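Trainee: One structure, as structure tokens, below. Some questions next.
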Amino acid sequence: MNGTKPKRVYFYGTCLVDLFFPDAGMAGIQLLRRAGVEVVFPDGQTCCGQPAFNCGYFEEARDVARTQVALFPEDLPVILPSGSCAGMMKVHYPELFHGQPDEAKVRAFSARVYELTQFLVDVLDVKLKDLGEPVKVTWHSSCHAVRDLGLKGEPQALIGQLANVELAPLAREYECCGFGGTFAVRHPEISGAMVADKIADATATGASVVLSTDGGCLMNVNGALEAKRSQLKVQHIAEFLWERTRAR
Amino acid sequence: MHAENEVHFRDAAAKALLDPQLRANFRRAMDGLIAKRKAQFPDPRDLQDLRDLSTAIRSRSLLCLPELLEQLEASCAKNGIKVHWAETCEQANELILGLLEARGAKTMVKGKSMVSEEMHLNAFLEKHGIEALESDLGEYIIQQDGETPSHIIMPAIHKNKDQIARQFSQKIKDAKYTEDVDELTAMARKVLREKFLNADAGLSGVNFAVAETGTLCLVENEGNGRMSTHVPPIHIAVMGLEKVVARLEDAAPLYSILTRSATGQAVSTYFNLITGPRGEGEKDGPQEVHLVILDNGRSRIYADPQLRATLRCIRCGACMNHCPVYTRVGGHAYEAIYPGPIGKILTPQMEGVGVRHDLIHGSSLCGACGEVCPVEIPIPEILVRLRREATHEDLGSKVAGKGTGRTATEDWAWRLWAGVIKRPGLYRVATWFATRFGKALPANAPLIKNWTQSRTKPVPARRSLSERMRAEGVPHE
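Note that the protein sequences, when read in sequence, are chains A and B. The numbering used here puts the last residue of the first sequence at 248; the count rises by one with no breaks. The numbering used here puts the last residue of the second sequence at 1477; the count rises by one with no breaks.
Rendered as structure tokens:
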């Protein structure tokens, strides 16, 4: 892209956003469109294949991955509202397809993958104007966004642009929330202990909303907060940004 | 079918989680270690440079491991260190017993050695009437209480000061109760001094063995390592066969990143370079030095190009200090010699991936371990590989127990999953049902009940994103 901003991008919803957080997907698309980018949402999207991959079922994961890669034939950036799924497509697809006949094609696809906030900040350099009421929020960094994708503060930078939003960091911002896909059901006690600590940390910040860029983390933290009947809410960062900055 | 004798990490972990004292001890200790390490690496570029260098040194050493081991044996011989080879722990134990019995040794003091834990050497020697006393303070504390290490460099970290105070007052002869750390340490010191002076033999581990010079490097903080290797008439060192490096200058960066990653120390209190027994005319040092080099499954790990990275480990423990699972359940829950992330990849490779299938899955793959590893072992990647090996026996690898964790249920589940997910038409039907009837799923259904033991049941949106896209016509192809 050589510094010039792309005019068209693909949007990949991811299965968790598709099923549980469609508003976050819609918001992500709106943020991109407002930044002057045409958004293409190919029909036939399902899942990136990460659950099977992480469990060692590579053949099944590859079968799924192939059908997804085929949906994005044009040389356009592919934007995901999830650090974990973007990490799967960008970092782990090349591993998964190592030595396969279509490895080159998959690698070319992987090179075009971005997490949403990464794309908004690093490529589009968006400027946000806050139209919302004062609010205090906290940010949960998804492990895969930071460690697989190498996000370096893009979400916090976007939140920082909002004049009426106070960002109260978690004491253990970079500690896993305990989701881990099948880990949450295979090891429910450990996972439960991790998410209990995460919501205690979030509650201690005094924030009213926990933001994240990952459907898995959001589902996990939200479920734990609801079980404790907490007043604290979770929200996908795309939805939060869109709601606060949209013209009313 | 599950592997026979499968060890269930879930059960042990669940039990550990119910112990608030244990959890508080670990959390506090790990927080301290994380902060200390962080203070040692203020500049991320310097850290990365040192990691790159250390990784390169360890990789290069492994690349020519057979040659380096031969060279090490020859160099050691030149220095008067006799090298012994053991393929299994049993062989290593017999070898050491033979050395001790031939010299009529009845008592042995030990510096810290995880390889000797692997061998269960203490129990073996005890059975043969030889006392093996741990002299590292942490090891001394747990040996006294009949426990195993809960951390590879801080073996008694699961206990707090008060617990140790109570234990010493009960187990050390004529000890008075005190919670003063200096006084407690002095109590142990008094016992140990006597033992050092009178022991018939000393045993230690090895942090790095230098092939070129035949030098055994030993990192420690208490001086017990030096006492164990220096005072008794015979010193036996034990090491895993991966511990060799080519040259003395390789040891320096590894030493630096080891102490900084492990305890957050710029240097350790002692760094012993052992180059042989007492020379002619010298007044101290052991009369004999032996080096036992143990395989115990390592050459099988070595044979696999991806899994070989496991052997780069310099045993700093940073992966466990930073692990959100280890921090909460502690080391004993792993029921393994090596706990934490490194143990999670090492133990299944040694004992079999089927037997340890539950442990291999006891990770959220958060990646904190790989991020801090001083020699960049891709622990999450290796975990995924081992998960794959556990359920697939036809991958052409030599992994112990491959395929023995496979179950018909899981197999069927992934096939069904892929069958739906790779067919957008079916997926569309499935999500349509989920959005309309997802609420109706009982919270106590299998798997869902594991989720709902700490959380509410996730409820799908009324319409999926794809459905809304189709209806609202955002530009799509």
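Virtual Cβ for every residue (Gly too), placed ideally from N, Cα, C. Since the structure is predicted, the reported quantities are computational estimates derived from the model, not experimental observations.
#1: Let's test the definition: count the other Cβ atoms within 10 Å of the Cβ of Y1427/B and tell me whether it reaches 16, buried, or not, exposed.
#2: May I ask you to verify whether the region 1453-1469 of chain B touches the region 38-45 of chain A, counting CB pairs closer than 8 Å and requiring at least 3?
#3: Anything in the region 1436-1456 of chain B with a Cβ closer than 7 Å to a Cβ of chain A? List those residues in chain order, please.
#4: Contact between the region 1320-1340 of chain B and the region 1111-1121 of chain B is defined here as three or more beta-carbon pairs at a separation below 8 Å; is this criterion met?
#5: Are L1386/B and V1353/B close, meaning C-beta to C-beta below 8 Å?
#6: Report back the beta-carbon spacing between M1119/B and A1199/B to the nearest angstrom; my notes put them in contact at under 8 Å.
#7: Can you tell which of R1315/B, S1397/B, A1333/B, G1214/B has its C-alpha closest to the C-alpha of A1303/B?
#8: On the criterion of 16 or more Cβ atoms from any shown chain inside 10 Å, does L1273/B qualify as buried, or is it exposed?
#9: Listing by chain order, which chain A residues have their CB less than 7 Å from the CB of M1469/B?
#10: Would you give the residue range spanned by the alpha helix (DSSP H) that Q1349/B belongs to?
#11: So which residues on chain A does G1352/B lean against when the C-beta distance must stay under 7 Å?
#12: If you drop the 5 nearest sequence neighbours on each side, which residues of the same chain put their C-beta closer than 6 Å to that of K233/A?
#13: Listed from N- to C-terminal order along the chain, which residues in the region 81-98 of chain A have their beta-carbon within a distance smaller than 7 Å of any beta-carbon of chain B?
#14: Should V1355/B and E1073/B be called a contact, given that it needs their Cβ atoms to be closer than 8 Å?
#15: Among residues of its own chain, excluding the 5 on either side of K1127/B, which ones have a beta-carbon nearer than 7 Å to its beta-carbon?
#16: If you draw a straight line from the C-alpha of G25/A to the C-alpha of A168/A, how long is it?
#17: Less than 6 Å between C-beta atoms, sequence neighbours within five positions excluded: which residues of the same chain meet that for R1300/B?
#18: Quickly, what does DSSP pair T1107/B with across the bridge? List them, please.
#19: Report the residue from E1222/B, L1248/B, K1171/B, D1180/B whose alpha carbon sits nearest the alpha carbon of F1208/B.
#20: Using a cut-off of 7 Å between C-beta atoms, extract the partners of A193/A located in chain B.
#21: I want to verify the contact list: residues of chain A whose CB lies under 7 Å from the CB of P1458/B, in sequence order.
#22: Compare the C-alpha of Q68/A against each of I199/A, K90/A, G83/A and name the closest.
#23: Give a yes or no on whether the minimum CB-CB distance between H236/A and chain B is below 8 Å.
#24: Hey, is Q45/A's beta-carbon within less than 8 Å of any beta-carbon in chain B?
#25: With contact counted as at least three CB pairs below 8 Å, one residue from each stretch, are the region 128-138 of chain A and the region 92-109 of chain A in contact?
#26: Using a Cβ-Cβ cut-off of 8 Å, state whether T67/A counts as contacting chain B.
#27: Leaving out the 5 sequence neighbours to the left and right, which residues in its chain are closer than 7 Å to P1475/B when beta-carbon positions are compared?
#28: Within the 8 Å Cβ cut-off, does I159/A reach chain D?
#29: Mind checking the region 135-169 of chain A against chain B and listing, in chain order, the residues whose C-beta falls within less than 9 Å of any C-beta there?
#30: Counting only Cβ pairs nearer than 9 Å, list the residues of chain A close to G1367/B.
Mentor: Reading off the structure:
#1: The residue labelled residue 1427/B in the question sits at position 427 within the second sequence. Classified as buried, Y1427/B has 16 or more neighbouring CB atoms from the shown chains inside 10 Å of its CB.
#2: In the pairwise beta carbon analysis, the region 1453-1469 of chain B is classified as touching the region 38-45 of chain A: at least three pairs are separated by under 8 Å.
#3: When CB distances to chain A are screened at a threshold of 7 Å, the residues of the region 1436-1456 of chain B falling below it are L1447, N1450, W1451, Q1453, S1454, R1455, T1456, in chain order.
#4: Contact between the region 1320-1340 of chain B and the region 1111-1121 of chain B is present: 3 or more CB-CB pairs across the two stretches fall below 8 Å.
#5: Counting from one through the second sequence, the residue named residue 1386/B turns up at place 386. Counting from one through the second sequence, the residue named residue 1353/B turns up at place 353. Yes; because the gap between Cβ atoms is below 8 Å, this pair is in contact.
#6: Sequence index remark: in the second sequence, residue 1119/B carries index 119 (1-based). Sequence index remark: in the second sequence, residue 1199/B carries index 199 (1-based). About 19 Å; that fails the 8 Å criterion.
#7: Position 303 of the second sequence holds residue 1303/B. Here the closest residue by C-alpha is S1397/B.
#8: Position 273 of the second sequence, counted from the start, is the residue given in the question as residue 1273/B. That one is exposed.
#9: As a first step, residue 1469/B is located in the second sequence; it is residue number 469 there, counting from the start. Neighbours of M1469/B on chain A, chain order: F41.
#10: Position 349 of the second sequence, counting from 1, holds the residue named residue 1349/B. Per DSSP, Q1349/B belongs to the alpha helix (DSSP H) from 1340-1351.
#11: Here residue 1352/B refers to the residue found at position 352 of the second sequence. Per Cβ cutoff of 7 Å: no residues; G1352/B is ~15 Å from chain A at best.
#12: Translated into the one-based positions of the first sequence, residue 233/A becomes position 233. Excluding positions up to five away in sequence, the list reads V209.
#13: Flagged: no residues at all.
#14: In the second sequence, counting from the first residue as 1, residue 1355/B sits at position 355. In the second sequence, counting from the first residue as 1, residue 1073/B sits at position 73. Pairing V1355/B with E1073/B gives a Cβ-Cβ distance that is not under 8 Å.
#15: The sequence position of residue 1127/B within the second sequence is 127, counting from 1. Nothing listed; no residue qualifies.
#16: To locate residue 25/A, count along the first sequence from 1; it is residue 25. To locate residue 168/A, count along the first sequence from 1; it is residue 168. Rounded to the nearest angstrom, the two C-alpha atoms are 25 Å apart.
#17: Your numbering for residue 1300/B matches position 300 in the second sequence. So the list reads K1398, once near-sequence residues are dropped.
#18: Here residue 1107/B refers to the residue found at position 107 when the second sequence is read from its first residue. Beta-bridge pairing links T1107/B to E1131/B.
#19: Residue mapping note: residue 1208/B aligns to position 208 of the second sequence, counting from 1. Minimum Cα distance to F1208/B is reached at L1248/B.
#20: Position 193 of the first sequence, counting from 1, holds the residue named residue 193/A. Within 7 Å Cβ-Cβ: L1017, R1328.
#21: The residue given as residue 1458/B occupies position 458 in the second sequence. F20, M219, G223, listed in chain order.
#22: Counting from one through the first sequence, the residue named residue 68/A turns up at place 68. If you compare the alpha carbons of I199/A, K90/A, G83/A with that of Q68/A, the shortest gap goes to K90/A.
#23: Residue 236/A sits at position 236 when you count from the first residue of the first sequence. No, because no Cβ of chain B sits closer than 8 Å to the Cβ of H236/A.
#24: Position 45 of the first sequence, counting from 1, holds the residue named residue 45/A. At least one chain B Cβ lies under 8 Å of Q45/A.
#25: no
#26: Numbered from 1 along the first sequence, position 67 holds the residue referred to as residue 67/A. Chain B contact via Cβ: present.
#27: Within the second sequence, residue 1475/B is the residue found at index 475, counting from 1. Reliability fails at P1475/B, whose pLDDT of 48 lies under 50, so the model's placement of it is uncertain and the value that follows must be treated cautiously. No residues qualify anywhere along the chain.
#28: Among the protein chains of the structure shown, namely A and B, there is no chain D.
#29: C143, H144, V146, R147, D148
#30: On the second sequence, position 367 is the one that residue 1367/B refers to. Going along chain A in sequence order, the residues near G1367/B (Cβ under 9 Å) are C143, H144, V146, R147, D148, C176.
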